[in-house]
Every structure is written in structure tokens, then in C-alpha cells.
Amino acid sequence: MKRLVSLMAAAVLALSLTSCSSDSPTVTKPSDSAAEETPGGDDSSADDTADDDTGGEDPASSSDPVFGDTVTYDDGMEITVGKPKKFTPSEYAAGADGDGTPMKFTITVKNGTDKAFDPTLVYATASSGGEESESIFDTDAKLGMSPQTALKPGKSVKWDVGFMIADPKDITLEVALNDDFSRDSAVYSN
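Residue 652 is where the sequence shown starts when you use my numbering, and the numbers rise one by one after that.
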């Protein structure tokens, strides 16, 4: 528990320092033929994809990433956040008691650098409907913890994070790779 609190404190500090960054990422739109996978198997009985008509700008006219886009940094690191999906938290899930819709997002990180990357340094937060979203931790659904194994150059890893979403048509999800404080966070929206 102390390690989790220490990691959270470090992540908050890192997020505050990333506003001073200079590494501007590029955003790549997914191809229409790309299939999206969800780690941990098929939860189709409990999952519904969020409405396609989720408001916001036309993705083609914006350099801000929308869910499904890949953000690539100058050093070769890549982040992709999949489209939000509704899910049913398990009986022992933490953070799923409040108002809102429980939704999960698949985060994929690809290491395009020449050195190993520590995925425990990835930090994600969300807001919806004008308020901060509560993180959902659900070990039964393998939700909420980033991978613990170092990511070798050229490799990728994906995992799910969950949040209580106040308005599924108004979601912002910020992902920070906190190994390099000069790198901007990727801020996804719908």
C-alpha cells in the first residue's frame, strides 16, 4: 500500500512537471481495417461499445487524439488508447460505487526507443461531464494496474484501465509516460 501511495505521489508530481515539456507528439488515425482487441478475453456479455455518436470535433480536423488514435513521440515511444467500453465491475471492485457508468479503456504502449521502458511509470486519469472520474481497480477483471515487466525496445504491451464516467459522450483521458518529464501527456477525448 505504501508503494502504491508513493507511486501515486510521484505520478502527480510528474504530471505537474509535464506542462513544461517541449516534445510535441504526432497523432496517427487508425485505419478502417484495424481490429481492436481487449486483453483478458472476451467480455461481450457484459460489454457494450460506447455510442459512435459521441460528439466533439471531427477527428480529421483536429491534431488532438481521439480514442483509437496512436500518439507517437520524437523518441519513438507510442501510446494508443482504445475506444471506451462499458463493463460490469466484479463484486469486489474498488472505485465503482459512485454515480456514473463504469467504462474501460485499453492502453497500448509501444517502445520505439533503444532502451527498456518501465510501464509502471504510465499514469492515466480521466474526466467526464465536468468532473474528475474515479479510477476503478478490479483484480477479477485485470483492471487498473499497469504491467510490471520492463518493455524491451521494439515491443509493445497493453492493459485495461477503468473509470466511473459521468457522461459517456464527454470523456477526456490523459496518459503520461513518466520516464521522461520533457514528454507531453497524450490527452484523448471523444
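The beta-carbon is built from N, C-alpha and C at its ideal position, and this holds for glycine as well.
With distances taken from CA atoms, which of the options is nearest residue i?
{"i": "THR752", "options": "PRO798, SER784, PHE832, LYS761", "result": "SER784"}
{"i": "LEU802", "options": "ALA745, TYR724, THR771", "result": "THR771"}
{"i": "SER797", "options": "ILE787, PRO804, GLY805", "result": "ILE787"}
{"i": "ASP720", "options": "GLN799, GLU782, VAL760", "result": "VAL760"}
{"i": "ALA745", "options": "PRO819, ASN841, THR731, MET815", "result": "MET815"}
{"i": "GLY795", "options": "SER741, PRO819, ASN762", "result": "SER741"}
{"i": "ASP818", "options": "THR790, VAL838, TYR839, GLU782", "result": "GLU782"}
{"i": "PRO735", "options": "PRO681, ASN762, SER833, ASP821", "result": "ASP821"}
{"i": "ASN841", "options": "SER833, PRO804, GLY733, TYR743", "result": "GLY733"}
{"i": "SER833", "options": "VAL808, TYR724, THR800, VAL717", "result": "TYR724"}
{"i": "LYS806", "options": "THR790, LYS766, GLY780, ASP830", "result": "LYS766"}
{"i": "PHE768", "options": "GLN799, ASP750, ASP748", "result": "GLN799"}
{"i": "ASP750", "options": "ASP835, ASP830, PRO804, GLY780", "result": "GLY780"}
{"i": "ASN762", "options": "ASP835, PRO681, ASP830, TYR839", "result": "ASP830"}
{"i": "TYR743", "options": "MET728, TYR839, THR790", "result": "THR790"}
{"i": "PRO804", "options": "SER714, PHE718, VAL722, MET728", "result": "MET728"}
In this structure, does DSSP put residue i in helix, strand or coil?
{"i": "THR771", "result": "helix"}
{"i": "ASP750", "result": "coil"}
{"i": "VAL838", "result": "strand"}
{"i": "ASP614", "result": "Shown here, the chain extends from 652 to 841; a query on residue 614 therefore has no answer."}
{"i": "ALA777", "result": "strand"}
{"i": "THR721", "result": "strand"}
{"i": "GLU782", "result": "strand"}
{"i": "SER807", "result": "strand"}
{"i": "LYS766", "result": "coil"}
{"i": "LYS680", "result": "coil"}
{"i": "LYS761", "result": "strand"}
{"i": "GLU742", "result": "coil"}
{"i": "LYS614", "result": "The requested residue 614 does not occur in the structure, where the chain is confined to residues 652 to 841."}
Throw me the rounded Cβ distance for the residue i and residue j pair, which I believe falls under 8 Å.
{"i": "LYS737", "j": "VAL812", "result": "Actually they are not in contact, since the Cβ atoms of LYS737 and VAL812 sit about 14 Å apart, beyond 8 Å."}
{"i": "TRP810", "j": "ILE758", "result": "6 Å"}
{"i": "ASP726", "j": "THR764", "result": "5 Å"}
{"i": "ALA837", "j": "PRO716", "result": "6 Å"}
{"i": "ASP835", "j": "PRO676", "result": "6 Å"}
Tell me, please, whether the region 820-834 touches the region 770-790 by the rule of three or more beta-carbon pairs shorter than 8 Å. yes
Mind listing, in chain order, the continuous beta strand (DSSP E) runs of no fewer than 3 residues lying wholly within the region 809-835? 822-828
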